[in-house]
Amino acid sequence: MDEKRVLALIDDDAMIKLTQRLVQIPSENPPGEEKAVSDFIQAWLEDRGLDVEVIEAVPGRPNLIASYGSEDGPVFMLNGHTDVVPPGEGWTVDPYCGELRDGKIYGRGSTDMKGGIAALLHAFDAIRRSGVKLKGKLLLVINADEEAGGAAGAGYLIENGHVAADSCLVCEPSSLMLSTAEGGLLWLELTVRGRSVHSTLAPIGINAVEKMLGILNALSPIKTKLEAMVGLRGKPTVFTMNIMKGGTKVNQVPAECRASIDVRIPPGVEVSPYDVIDDVKGVLDRMRKADKDLRVDLSYNDPPILPFEIPPESPVIATVEQAVEAVTGAPAEYWKPKQILPTDDSDLYHWWTKGNIPGVYIGPGAIELAHISDEYVEVDEIKKAARIYALVALGELGWEA
Ligand SMILES: [Zn+2]
């Protein structure tokens with residue numbers, strides 16, 4: 021038994037058809053309609069004689085777990101998510117057509133990440149059909165709710181002990197480049213409440229918009245300080261004030277004003293989202309003391325997403341690099357800027373920060389094509405991905421000759 025025998029069992033035509041079929045089953049999140057595609061994948065696995073554990077944090081939003089191999093030895097997880105973002109506007113094809121044209125499969129979720137799921141399933145099945153005696157357990161976890169935080173998906177599975185592994189691979193689209201780090205995310209929401217009066221009586225009103233301007237100005241030193249901080253491999257910190265809404269009429273002092281700030285903290289920066297929250301609270305407290313009319317509330321995504329980097333010496337990273345080189349014939353490449361995926365809060369975040377499972381993101385499809393109209397995935401990348409996944413699983417677990 022050698023690796024070539026496993027790779028020879030990967031059925032490309034069936035894998036391409038499976039990708040098309042998965043794209044044709046909508047699984048939008050929001051609102052969280054993964055059930056139809058999840059049921060399809062469950063049946064696909066059960067047709068192959070596999071036991072599938074179905075875990076629902078939220079009724080109707082299944083997470084699937086299947087495994088192959090030995091109960092002794094290490095556990096390696098292949099992971100993907102079933103949900104896709106809603107199609108939005110601007111499509112020139114039916115977003116759920118799954119059409120194959122010029123080596124590309126089109127549709128919402130083709131790149132993020134139904135091409136990746138098809139590659140995972142076929143890699144897993146090729147290993148199973150080869151009958152290889154793994155020296156550990158290969159875990160396949162296909163979860164819901166990646167696009168909206170993971171509370172019904174990876175976050176739930178890891179926090180409740182449903183998943184444990186020594187290493188993992190997540191098939192997030194990356195044009196088959198590796199990513200092992202992710203930025204932190206903090207969304208600050210400010211609400212100022214004032215007192216509305218007719219403009220001619222402005223001195224006895226409390227102007228929520230003007231109060232908000234004062235607050236945003238007072239926060240600008242925090243913005244300046246943060247934006248001077250550069251993280252891992254040159255990735256900048258971001259503190260950007262993106263929404264301000266207040267007032268209804270030109271002749272009325274506004275009673276309410278809301279503002280939203282998007283804070284992104286790359287790994288390697290010596291400040292955490294919690295420090296930023298404390299700094300903002302400190303400014304608000306000082307301003308409240310100085311202004312008895314100021315009524316401002318702060319809320320944020322709690323807990324915020326913390327930045328992380330998988331330790332570069334983690335063996336799974338070298339295993340993935342070797343597999344990429346073996347399949348593509350070229351040295352493995354890292355996501356640019358190096359290794360840091362442009363998205364935040366993907367499932368590797370939950371596996372690593374809550375379950376201590378080191379892993380790598382690598383998948384077919386370009387992340388730039390995710391979440392836009394006319395999303396597609398290249399068939400050639402799906403074929404390579406399946407072979408990379410099979411080799412990584414064999415490499416991480418080892419097998420009896
Ligand atoms: Zn994704």
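Per my numbering, the sequence shown runs over residues 21 to 421.
A virtual CB, placed ideally from N, CA and C, is assigned to each residue, including glycine.
These numbers come from a predicted model, not from an experiment.
Among the options, nearest to residue i - alpha-carbon criterion
{"i": "G100", "options": "A405, N262, I162", "result": "I162"}
{"i": "E192", "options": "D365, M35, D317", "result": "D365"}
{"i": "P94", "options": "F328, D186, A164", "result": "D186"}
{"i": "L65", "options": "W111, E53, G110, A146", "result": "A146"}
{"i": "H218", "options": "V270, R278, L411, M232", "result": "V270"}
{"i": "M97", "options": "I85, V104, V105", "result": "I85"}
{"i": "C277", "options": "K265, I285, P287", "result": "K265"}
{"i": "A138", "options": "A34, A338, V291, N262", "result": "A34"}
{"i": "A201", "options": "W207, V303, A171, F328", "result": "F328"}
{"i": "G254", "options": "V113, K356, S87, S90", "result": "K356"}
{"i": "I61", "options": "N49, K134, T211", "result": "K134"}
{"i": "L304", "options": "E230, I235, K243", "result": "I235"}
{"i": "S194", "options": "A352, L27, G415, P378", "result": "A352"}
{"i": "L198", "options": "I30, G302, I337, I377", "result": "I337"}
{"i": "R128", "options": "V340, D122, V104, A28", "result": "V104"}
Limits of the beta strand (DSSP E) - the one that residue i falls within
{"i": "V250", "result": "Careful: V250 lies outside any beta strand (DSSP E) and carries neither H nor E."}
{"i": "I162", "result": "157 to 163"}
{"i": "W419", "result": "Per DSSP, W419 belongs to no beta strand (DSSP E) and is neither H nor E."}
{"i": "Y320", "result": "316 to 320"}
{"i": "L210", "result": "201 to 213"}
{"i": "H101", "result": "95 to 101"}
{"i": "M264", "result": "258 to 266"}
Extent of the continuous alpha helix (DSSP H) to which residue i belongs
{"i": "I297", "result": "293 to 310"}
{"i": "A279", "result": "Segment 276 to 285 is the beta strand (DSSP E) holding A279; no alpha helix (DSSP H) there."}
{"i": "G135", "result": "135 to 150"}
{"i": "K37", "result": "32 to 44"}
{"i": "L29", "result": "Counting along the chain, L29 falls outside any alpha helix (DSSP H), and DSSP gives it neither H nor E."}
{"i": "Y14", "result": "The structure shown does not extend to residue 14, since the chain spans only 21 to 421, so no value can be given for it."}
{"i": "S58", "result": "55 to 67"}
Whole-angstrom C-beta distance between residue j and residue i, which should lie under 8 Å
{"i": "E398", "j": "K124", "result": "6 Å"}
{"i": "M17", "j": "T257", "result": "Any answer about residue 17 is impossible in this case: the structure gives the chain only from 21 up to 421."}
{"i": "A390", "j": "T102", "result": "Between T102 and A390 the Cβ distance is about 15 Å, and since that is not below 8 Å, they are no contact."}
{"i": "G385", "j": "G136", "result": "7 Å"}
{"i": "R81", "j": "G52", "result": "5 Å"}
{"i": "I408", "j": "V347", "result": "5 Å"}
{"i": "V183", "j": "G375", "result": "7 Å"}
{"i": "G225", "j": "R215", "result": "5 Å"}
{"i": "L210", "j": "P293", "result": "Not a contact, Cβ separation roughly 16 Å."}
{"i": "L154", "j": "W372", "result": "About 23 Å; that fails the 8 Å criterion."}
Residue i at chain C interface by Cβ criterion, 8 Å
{"i": "E73", "result": "Structure shown: chain C not included; a single protein chain is present."}
Cβ-heavy atom distance, residue i to ligand 3, below 7 Å
{"i": "D305", "result": "Among the ligands modelled here, namely ligand 1, ligand 3 does not occur."}
- Item | Beta carbon nearer than 7 Å to a non-hydrogen atom of ligand 1 | H101, D132, M133, E166, E167, E192, P193, S366, A390
- Message: I'd like the ranges of any beta strand (DSSP E) spanning at least 3 consecutive residues and lying wholly in the segment 346 to 419.
- Response: 360 to 364, 379 to 381, 396 to 398
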